[in-house]
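Participant: Have a look at this one.
Number of protein chains: 2
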Amino acid sequence: MKSLVTIGEAAAVSGVSAKMIRHYEDIGVLQKTSRTDAGYRLYNSQQLQQLGFIRQARNLGFSLIQIESLLALWRDPNRSSRDVKQLAELHLAEIRQKIAELSQMEQVLQQLSDRCCGDLSPHCAILDGLAPNQNLAAESQ
Amino acid sequence: MKSLVTIGEAAAVSGVSAKMIRHYEDIGVLQKTSRTDAGYRLYNSQQLQQLGFIRQARNLGFSLIQIESLLALWRDPNRSSRDVKQLAELHLAEIRQKIAELSQMEQVLQQLSDRCCGDLSPHCAILDGLAPNQNLAAESQ
DNA sequence: CTTGACCTTACCATGAGGGGAAAGTTTAGC
DNA sequence: GCTAAACTTTCCCCTCATGGTAAGGTCAAG
Chain A
1 MKSLVTIGEA AAVSGVSAKM IRHYEDIGVL QKTSRTDAGY RLYNSQQLQQ LGFIRQARNL
61 GFSLIQIESL LALWRDPNRS SRDVKQLAEL HLAEIRQKIA ELSQMEQVLQ QLSDRCCGDL
121 SPHCAILDGL APNQNLAAES Q
Chain B
142 MKSLVTIGEA AAVSGVSAKM IRHYEDIGVL QKTSRTDAGY RLYNSQQLQQ LGFIRQARNL
202 GFSLIQIESL LALWRDPNRS SRDVKQLAEL HLAEIRQKIA ELSQMEQVLQ QLSDRCCGDL
262 SPHCAILDGL APNQNLAAES Q
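From first to last, the protein sequence lines are chains A and B. For the first sequence, position 129 (counting from the first letter as 1) is numbered 129 according to our numbering, and the numbering increases by one without interruption. Add 141 to a position in the second sequence, counting from 1, and you land on the number used in our numbering.
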């Protein structure tokens, strides 16, 4: 039963780089671990679980601050799933907001690109669309 | 015809903050401007146009490096629209990639959230979904 | 001549990492 | 037992686009 591993093995098992594991500890997302006499960090199976949890949450785009809250809820046996769901829905709204912004960019850029011949001529609808002439005039009114 | 303005007015007209105008000059996206005897930067109408161009391009999500290329093409009377379109299509692909990633996150997170009751019970499908495979615990024993 | 609004440079911070140096520790080979 | 490799530690710098702040110089109005 190898219950304590050093940071390299923790990184390999969890899929989180050693660099980032230390960083998470630095900023307080992870509690400080035990150390060997030489100062090497040691991770038990529960802490390995937490590292995996962080990786999954990062894959879903949660910020480290949100993950700190999620981890606190995960560890709390008296949590209510309502609190978890609220965090998730908040993040879901952020994701949808970003998708909306990107979709708007995509649409405008697609329109400009469609109107650009893409040939050897210097005339270009994309550059015309980026030029501020119209917008500046419009804004100043 | 007020052809030269200081940075504050340039910022107000272009919608780019004075801070960012100086930054763009620092990193070479904009050429150095003329200065008054006291060292104040002065902007002519062509430079104001460029600032507006940058703002439009930033609104479409172009990186400053891409904008540097776009500005070079904009200034080049011998450009080919093909080069511009290539840059735009590249960025369009980046945007679509990001949208795809975010949509994937949205879908997974939506599924987890749907399965979470959101009540006062501690059981939570979201936390279960974020927990790494129990292999981690199993492997360490 | 003062006051306030401007401008200058310079440094620090963000978020989520990556890169690398210098030094100490452990492990494997011999 | 010695040596070399592989690991770990802390520390500092880099990204990217942007904001903040401080200390000091300049300019225009009153």
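C-beta atoms are modelled at their ideal positions from N, C-alpha and C, and glycine is treated no differently. These figures come from a predicted structure and were not determined experimentally.
(1) Out of A/99, A/129, A/84, A/118, which has the shortest C-alpha to C-alpha gap to residue 262 of chain B?
(2) Quick check: the Cα distance between residue 208 of chain B and residue 193 of chain B, rounded to an integer number of angstroms?
(3) Is residue 277 of chain B close to chain A? Criterion is C-beta to C-beta, closer than 8 Å.
(4) Looking at the structure shown, is residue 175 of chain B part of a helix, part of a strand, or coil, going by DSSP?
(5) Give me the Cα-Cα distance between residue 79 of chain A and residue 155 of chain B, rounded to the nearest whole angstrom.
(6) Does any C-beta atom of chain A lie closer than 8 Å to the C-beta of residue 271 of chain B?
(7) Would you say residue 29 of chain A lies against chain B (beta-carbon separation less than 8 Å)?
(8) In whole angstroms, give me the CA-to-CA distance for residue 278 of chain B and residue 271 of chain B.
(9) Taking 8 Å as the cut-off, does the region 235 to 242 of chain B touch the region 37 to 53 of chain A (at least 3 CB pairs, one atom from each stretch)?
(10) With H, G and I counted as helix, E and B as strand and the rest as coil, what does DSSP make of residue 253 of chain B?
(11) Determine the chain A residues that contact residue 264 of chain B at a beta-carbon separation under 9 Å, and present them in chain order.
(12) Give the straight-line distance between the Cα atoms of residue 280 of chain B and residue 249 of chain B, rounded to the nearest whole angstrom.
(13) Just the Cα atoms here: how many angstroms apart are residue 236 of chain B and residue 81 of chain A?
(14) When the cut-off is 8 Å and only beta carbons count, does residue 69 of chain A lie next to chain B?
Facilitator: The relevant details are as follows:
(1) A/84
(2) 12 Å
(3) Caution is warranted here: a pLDDT of 43 is assigned to residue 277 of chain B, below 50, making its placement in the model unreliable, and no coordinate value can be reported.
(4) strand
(5) 50 Å
(6) yes
(7) no
(8) Any reading at residue 278 of chain B must be qualified, since the residue scores a pLDDT of 44, below 50, and its modelled position is unreliable; the value itself is stated next. Between residue 278 of chain B and residue 271 of chain B, the C-alpha separation is close to 15 Å.
(9) no
(10) helix
(11) 81
(12) Only weak support is given to the placement of residue 280 of chain B: the predicted model assigns it a pLDDT of 41, under 50, and the value that follows is read from those uncertain coordinates. Distance between the alpha carbons of residue 280 of chain B and residue 249 of chain B: 27 Å.
(13) 34 Å
(14) no
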